[in-house]
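Novice: Before we start, here is the structure in question, set down as structure tokens.
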Amino acid sequence: MKQFILTAALLTCIIATATAQTASVPTAPSPEMVKLDSLTKLSQRFLNEQKVDSLYALMGSTFKSQISPEMMKQVASQVSGQLGKWTAAEPVGIKDGIAKYKATFTNATLDFYISRDAEGKISTFLMKPSE
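Residues 731 to 861, numbered by our numbering, are exactly what the sequence shown covers, in order.
Given below as structure tokens:
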């Protein structure tokens, strides 16, 4: 009986260890997330370097129809002035084609949302207070 209990305990430990190891294996990001990661890194770089024209060039026609280049420059200037340098963008997830990131700036952390249109240009570009 003692041997049975010892064997059962050993099997339980092996199964628990195997489950823990399987659960910690990271999954590969989707192809869409890889593309959005790239656009996010470019956005971060252009915003930090105040290359607003380069950032605006990443935007799709729908975005451009709603936000003018002048308005984009004003917003970028305010973001940099109030929040400081954009130091990190950690992916949180993707839902309905819109990726959410934890965007860390020198002076604050925001939720950053980004998506692409059919041409691969940015259609959603939104920062708001973290939830």
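Glycine residues also receive a C-beta, built at the ideal position from the N, C-alpha and C atoms.
Measuring alpha carbon to alpha carbon, tell me which residue in S773, A829 and A787 is nearest M763.
Specialist: Minimum Cα distance to M763 is reached at A829.
Novice: Do K825 and L840 come within 9 angstroms of each other at the CB atom, strictly closer than that value?
Specialist: Taking 9 angstroms as the Cβ cut-off, L840 and K825 do not qualify as a contacting pair.
Novice: When we look at the beta-carbon of V782 and count the other beta-carbons within 10 Å, is it buried (16 or more) or exposed?
Specialist: By the neighbour-count rule (16 or more Cβ atoms within 10 Å), V782 is buried.
Novice: Kindly indicate which residue of A833, P821 and T836 has the alpha-carbon position closest to the one of A758.
Specialist: Selected option, being the one with the closest Cα: P821.
Novice: Quick check: the Cα distance between A833 and T770, rounded to an integer number of angstroms?
Specialist: About 10 angstroms.
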